[in-house]
Amino acid sequence: MWSRWKLLNLGCRFINYKPWRWRSSTACDKALEYKIGEKIHGFTINQVTPLPELFLTAVKLNHDSTGAQYLHVAREDKNNLFSVQFRTTPMDSTGVPHILEHTVLCGSMKYPCRDPFFKMLNRSLATFMNAFTASDYTLYPFSTQNSKDFQNLLSVYLDAVFFPCLRELDFWQEGWRLEHENPTDPQSPLVFKGVVFNEMKGAFTDNERIFSQYLQNQLLPDHTYSVVSGGDPLSIPDLSWEQLKQFHATHYHPSNARFFTYGNLPLEQHLRQIHEEALSKFQRIESSTTVPAQKLWDIPREYHVTCGPDTFATDSTKQTTISVSFLLPDITDIFEAFTLNLLSSLLIGGPNSPFYKALIESGLGTDFSPEVGYNGYTREAYFSVGLQGIADKHMETVKNIITRTIDEVIEKGFEDNRVEALLHKIEIQMKHQSTSFGLALTSYIASCWNHEGDPTELLNLGKQVTQFRKCLKENPNFLQEKVKQYFKNNQHRLTLSMSPDEKYYEKQAQMETEKLKQKVDSLSMKDRQQIYEKGLELRTLQSKPQDASCLPALKVSDIERTISFTELDIALAADEIPVQYCAQPTNGVVYFRAFSSLNTLPEELRPYVPLFCSVLTKMGCGIYDYREQAQQIELKTGGMSVTPHVIPDDSHLDMYEQGVLFSSLCLDRNLSDMMHLWSEIFNNPHFEDEEHFKVLVKMTAQELSNGIPDSGHLYASIRASRTLTPAGDLQETFNGMDQVRLMKRIAETSDLKPILRKLPRIKKHLLNCDNMRCSVNAAPQQMSQAGKEIENFIKNLGRSKKERKSVRPHVIEKPDSKPVGGDFINCPQIIRKLITDPTFKPCQMKTHFLLPFPVNYVGECVRTVPYTDPDYASLRILARLMTAKFLHTEIREKGGAYGGGAKLSSNGIFTFYSYRDPNSIETLQCFEKAVNWAKSGSFTLEDIDEAKLSVFSVADAPVAPSDKGMDQFLYGLSDEMKQAHREQLFAVSHEQLINVSNKYLGIGQSTRGLAILGPDNVNIDKDPSWVIR
101 MWSRWKLLNL GCRFINYKPW RWRSSTACDK ALEYKIGEKI HGFTINQVTP LPELFLTAVK
161 LNHDSTGAQY LHVAREDKNN LFSVQFRTTP MDSTGVPHIL EHTVLCGSMK YPCRDPFFKM
221 LNRSLATFMN AFTASDYTLY PFSTQNSKDF QNLLSVYLDA VFFPCLRELD FWQEGWRLEH
281 ENPTDPQSPL VFKGVVFNEM KGAFTDNERI FSQYLQNQLL PDHTYSVVSG GDPLSIPDLS
341 WEQLKQFHAT HYHPSNARFF TYGNLPLEQH LRQIHEEALS KFQRIESSTT VPAQKLWDIP
401 REYHVTCGPD TFATDSTKQT TISVSFLLPD ITDIFEAFTL NLLSSLLIGG PNSPFYKALI
461 ESGLGTDFSP EVGYNGYTRE AYFSVGLQGI ADKHMETVKN IITRTIDEVI EKGFEDNRVE
521 ALLHKIEIQM KHQSTSFGLA LTSYIASCWN HEGDPTELLN LGKQVTQFRK CLKENPNFLQ
581 EKVKQYFKNN QHRLTLSMSP DEKYYEKQAQ METEKLKQKV DSLSMKDRQQ IYEKGLELRT
641 LQSKPQDASC LPALKVSDIE RTISFTELDI ALAADEIPVQ YCAQPTNGVV YFRAFSSLNT
701 LPEELRPYVP LFCSVLTKMG CGIYDYREQA QQIELKTGGM SVTPHVIPDD SHLDMYEQGV
761 LFSSLCLDRN LSDMMHLWSE IFNNPHFEDE EHFKVLVKMT AQELSNGIPD SGHLYASIRA
821 SRTLTPAGDL QETFNGMDQV RLMKRIAETS DLKPILRKLP RIKKHLLNCD NMRCSVNAAP
881 QQMSQAGKEI ENFIKNLGRS KKERKSVRPH VIEKPDSKPV GGDFINCPQI IRKLITDPTF
941 KPCQMKTHFL LPFPVNYVGE CVRTVPYTDP DYASLRILAR LMTAKFLHTE IREKGGAYGG
1001 GAKLSSNGIF TFYSYRDPNS IETLQCFEKA VNWAKSGSFT LEDIDEAKLS VFSVADAPVA
1061 PSDKGMDQFL YGLSDEMKQA HREQLFAVSH EQLINVSNKY LGIGQSTRGL AILGPDNVNI
1121 DKDPSWVIR
C-alpha cells in the first residue's frame, strides 16, 4: 500500500482496538530495570526513558554486529505491535519501493508458498497486518494480542523482508507485465496488467492526490522527493525484475533498518527471535540511502499542472486549485517542528483562524487546497495553504490574500484563547486511549526516525508543551517572529496551480497506448512467444491449489470460548429518558452520547438530515456566534459530532431504527461546560447566517466529491443494496451517490434560503427528548456528577406541545434485553421504536454510474438473514472463505484489481465487491463463479478453520473504555446475544456452508442488486436491464 495516498488495502486487517489496562504498570516497571550498556541477544541498550504522561517506558537499543536501530515501547497494553522500516529512496518513478513492498510478501526462503502475507490473514488473530510505502521509507507493521501469534507473525515478516524469493512471476503479477488480453488466446491484443499498475492508475484519478504529488515533487526537486515512490503508471513499465532485486539488496539490509516493538510482551523474547532468525546472518554495511538537504532557492517558483474534470463540481467554470507552499526546517529539529505544527493549526484550523477567514469566507472557492497545513513526512517539512474550486481569473486574488494574511498575522498575532484551545487538544489526545496506540506511535515516529531524529524525544510531548509555554511567556511575539521567518522572508516558496483538461483521461489513455505500442513494437517473435508462455505459466500458478503447510498457524482451539461481559447500569433521567452508564478506567475523560429518533420527520426533509447534522455544531448557538461556538468547543471538549444512523434490527430484515447520534468527550473538569454547550445546541441553534451556511455547504459538497475515488466500492455496495430492504433506500439517501448528487445541486443553488428554512423544521422533530436515549462512559468516581449534569440537560430540553405521530404508520416498540450488572429488577429498559413496512417487496436493480475513471468499483448485494438467525454465522464464515480461497485469486491475482472479496453486513446483506478494478462485467462473472465454487463444497476443514480464525480476529478485537457498551446502546446487541452468535460461529460446519450457499446465494434464490462506478462500458450500454446514471 502506497501511504502517500491514503488507500484502502483490502489485505489489511485494521481492527478498532483500544488499549485500556492502564492501572497496572508491570511492563513499564520491568523496562525501567534495564541498564545503559546492558547487552541482550546481540543488542546493547543505549537509553531508558520513562514517559509517564503516555503511561510508557521507551528503551533504545542498537544491534552490535549490523548497527540496526531498535526502539521498544513498554506499556501495559496486550495489543502488542511489531514494525520494521527501511529507508527507501528511489530516484525514478517506476514505483520500485512500492512494487518491492508487494513482492517481498509473495513468498520467502523459509515460507516459499505463494502469498504468505494474505494466507497469514487467515492463520492468525492479528488485529492489524499491512505494509506501507511512503516517499522515503517502507514500513511493515502487525499487531496481535496473542503471544504465540506474535512469534508466528514476526517469523513470517522477518523472513519476508530479509529473505524474500522475489520470483519473476510474482513481480509480473504484483508489478506489471505484458500479457494477452485473454491469456489463453495468443491472437488477442497485448495489454499492460499488474496489481500496482492498476492501483496507481486508480490513485491518479483523484485530483487531490495528483495535486499533493506534484506539490512535493516541485517543492523538493533535488533528490528522491522529485519522483513518485508509488509509481507513475507511465513509468512503471520501465522497471525490470533485475532492478527490483538490486533495490532490495541495497535497501533491505539490517544496517538500513529500524525495528519497533510495543506492548506488554517481554522485550528479551523479541530480541532473541529477531537476532536468531534474521540479524545474526548479516554483517554491517555502509548504507547509502541518506537523503541530502534540499538546496534552498534564491527566488520563489511557480508551476502549473492539469487534471481530469470533476464530474461533481458545483460549478464547471470553477475547478482550479492554487496553493502557496513554504519549505520549513528539518523535521529532526523536534521542538521547531512541534512549534511549526502548532503554528500551522493556528493559521488554518477552524473558523477563527486567519486563513479560514481570509480564504474560505472570501467565497472564491469551495475548500482549502489539498495538503493544507503542516506536512512533516519529508526530511524538510513544508507548509501549504490555498483554495480549490476557484475560477482561473481569481488565482492572483488568492495569492494576494495569502500574502496579505501573513502580514496581518505578523502585525496582530493570535488570541491567547486560541493557543490555549490547541494545548487543551494535546492534553485530551494524551489522555484519550486510542484504538491502536502502538500503530499510532510507529506511524508518528517513522519520518523523524527515518532521518536520524530521536524518536524518544519526539514522544516527550509534555516537555515540548512546557518549552512552548516558556517561549511564549518570555517572548509574546514568539509566534509572529516564526511567521515572519518562515513565511514572509522565505524565498523557497512554490505557487502551484492545477486546472482541469476536458481531454485529460483521453490523453492519459493515449500516452499509455503509445507506451504499449513502443513496448510491443520492440518485441521479437521469440519475445512474443515467451510472453504467451509466461502468461499461461502465471495463470496455471494462480489456479493451482496452494500448499500453505509451511506457514505457522493458530488453531481454533486457541480462541477463547467465551467473551467477558461488560457491566452496565440504566437509570431514568428526569423520570423519562433512559441513560446507560458504563463505569470504565477512562483516564479522566468523560464520553457522552445521545440518540434521537427521526420517526416523526416528514419524508421530504429526510434527504437534508446529513446536511443538518454536518452544520448543527458549526452555525452558532445561544449567546455564541459560530466563531465563539467553535472556540468553546475547542476549549472545553475533545470534539462534538452529529451523525445520521440507520440501525438494522437484529432479528427482522424489514425492520430498522432511524435516528441521529450526538457524541462528545471532555476532560472531567469541563463536563458541566460540555453539557451546557449541548443544551444550547439543542434549545437555541442558529440557522440564520446564509453566508456562513453557503461556505459550509460548498465544503461538504467538495469533501463528498473528493471522497469518491477512495470509497467507490462502498458507494457501489450501498446502491446495489438499495432495493433489498426497507432501510436500503434510507441508507442511499443518507450515505450513497444520491447524497453526493443532492449536495452538488444544493451547492450550485444561488439562493440557499429555501434550504436554510428546512433546518428549523428538522430541529423541531429531532432536538427534543420525545424519543431519546443517552449514554455515559466514565470512571466510577465521575458517575455521580455525570448523572447530575445529564439530569439538568434533559430537564432543560424542549418537549413537543402535542404528541407527534410517526410518519411511517407501522412502528413496533421493542424493549432491549436487560444489561449485565446493575439492579436487574428495578432497572428500566431502553425501548426502541422500529420502522417496518408490511407491503415492502425486495426487487433487483442494476445501476451503472458513469465516471471518467480508468478503473471500476463493482458491488453485488444479496438479501440474506438478520444477525440472530442461525444461518447468519455460516454466511459470515462463508464470506471470509470465499474471499480468501477464491475471490482474492480471481479478482486481484488474475484480474489485476487492487482488491476484492465478500462480506456480510449487520443488516443481513451479503456483498461481493471489487476496488480499483480494470474489469467490470468479468468481475460480476467472477462473483457468480465464486457462488458455484461455494455450492460445490470445494474447500477443506482446514480452510473453514482459517476462515473462523479470521472472523474471530474481528469479533474479538478488544474495545476501548470509551466504546464499551456501545453495541448494546446503539444496536441493542447484548453480551448474551454476542455469546450466542459466538457459539454459532464455532459450530459452523462444511455442510452448513454448502447449505447456505445453495439457500441464499444461488441465482434465483434471493433478490440481488448490482452497481458499478466506472467508465463507459459497451456491454452494459447494450443491456436494457441496466440503469445508466
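Position in the sequence shown (first residue = 1) + 100 = the numbering used here.
Heads up, the beta-carbon is just placed ideally off N, CA and C, and yes, glycines get one too.
Quick caveat, the model's predicted, so the values are computed rather than measured.
Check your understanding: Are the beta-carbon atoms belonging to F514 and L579 less than 8 Å from one another?
Key -> yes
Review point. Exposed or buried, A231, counting other C-beta atoms within 10 Å across all chains shown (16 or more means buried)?
Key: A231 is buried by the Cβ-count criterion.
Point to revise | CB-CB length for D937 against H910, believed under 8 Å | key: 6 Å
**Study point:** C-alpha distance - S124 paired with E176, whole-angstrom precision
**Key:** At S124, the pLDDT of 42 sits below 50, so the modelled position is not reliable; the number obtained from the coordinates is stated separately. Spanning the two alpha carbons is a distance of roughly 7 Å.
Check your understanding: Residue range of the alpha helix (DSSP H) that P555 falls in?
Key -> P555 to L559
**Study point:** S1053 and S224 closer than 8 Å at C-beta
**Key:** yes
Check your understanding: How would you write the range of the beta strand (DSSP E) that R1016 sits in, first residue to last?
Key -> The continuous beta strand (DSSP E) containing R1016 extends over residues I1009 to D1017.
**Study point:** Same chain only: Cβ atoms within 8 Å of L641, ignoring 5 sequence neighbours per side
**Key:** R214 and L269
**Study point:** Residue from N687, F1039, K570 and I1120 whose Cα sits closest to the Cα of S1097
**Key:** Comparing Cα positions, the closest option is F1039.
Point to revise | Reduced DSSP category for S974 - H, G, I as helix; E, B as strand; rest coil | key: helix
Exercise for review: List in chain order: all unbroken beta strand (DSSP E) runs of 3+ residues lying wholly within the stretch 144-228.
Suggested key: 156-163, 169-174 and 180-187
Point to revise | Contained beta strand (DSSP E) runs [length at least 3] in the stretch 746-782, N- to C-terminal order | key: 755-767
Exercise for review: Could you pull out every residue in the same chain whose Cβ sits closer than 7 Å to the Cβ of L638, ignoring the five residues on either side in sequence?
Suggested key: L269, W272 and Q273
Point to revise | Coarse secondary structure for Y456, derived from DSSP in three states | key: helix
Practice item. Could you tell me which residues DSSP pairs with L1110 in its beta bridges? Key: Paired residues: K946 and E960.
Review point. Given a threshold of 16 other Cβ atoms within 10 Å of its Cβ, counted over all protein chains shown, does K293 qualify as buried or as exposed?
Key: That one is buried.
Practice item. May I ask you to report which of helix, strand or coil DSSP gives I374? Key: helix
Exercise for review: Return the CA-CA distance between E308 and I991, expressed in angstroms with no decimal places.
Suggested key: 27 Å
Point to revise | Residue of G739, V709 and E133 minimising C-alpha distance to L765 | key: Measuring C-alpha to C-alpha distances from L765 to each of G739, V709 and E133 identifies G739 as the nearest.
Point to revise | N877, buried or exposed, once every other Cβ within 10 Å from all chains shown has been counted against 16 | key: buried
Point to revise | Selected residue, minimal CA-CA separation from L365, among S1125, L181, Y456 and S1050 | key: Among S1125, L181, Y456 and S1050, the Cα nearest to that of L365 belongs to L181.
Exercise for review: Answer yes or no: do A303 and G275 have a C-beta to C-beta separation smaller than 8 Å?
Suggested key: no
Exercise for review: Determine the burial state of P809: buried for a count of at least 16 other Cβ atoms within 10 Å of its Cβ, exposed for fewer.
Suggested key: With 16 or more other Cβ atoms within 10 Å, it is buried.
Exercise for review: Kindly list the residues whose CB is nearer than 8 Å to the CB of R1129, restricted to its own chain and excluding five residues on each side of it in sequence; keep chain order.
Suggested key: M837, T947, H948, F949 and L950, listed in sequence order.
**Study point:** Segment limits, alpha helix (DSSP H) that includes D669
**Key:** First-last for D669: D669 to A673, but that is the beta strand (DSSP E), not the alpha helix (DSSP H).
Exercise for review: Compare the Cα-Cα distances from F360 to each of S388, F186 and L278 and report the closest residue.
Suggested key: F186
Practice item. Can you give me the start and stop residues for the alpha helix (DSSP H) that I890 sits inside? Key: M883 to N896
Exercise for review: Keeping to the same chain, check which residues put their C-beta closer than 7 Å to that of K615; ignore five residues upstream and five downstream.
Suggested key: L334 and P337
**Study point:** CB-CB length for I894 against I677, believed under 8 Å
**Key:** 5 Å
Practice item. Label C650 either buried or exposed according to how many other C-beta atoms from any shown protein chain fall within 10 Å of its C-beta, with 16 as the threshold for buried. Key: Classification for C650: exposed.
**Study point:** Boundaries of the alpha helix (DSSP H) in which K582 is found, first to last residue
**Key:** F578 to V583
Check your understanding: In whole angstroms, what separates the C-alpha of L428 from that of G720?
Key -> 36 Å
Check your understanding: Taking the beta strand (DSSP E) that M872 falls in, what are its first and last residues?
Key -> Run containing M872: M872 to A878, per the beta strand (DSSP E) assignment.
Practice item. Could you check which residue in E913, V795, K864 and N550 has the C-alpha nearest to that of D236? Key: N550
Exercise for review: Would you give the residue range spanned by the beta strand (DSSP E) that H404 belongs to?
Suggested key: R401 to C407
Exercise for review: Identify whether S1006 lies in helix, strand or coil by the three-state DSSP scheme.
Suggested key: coil
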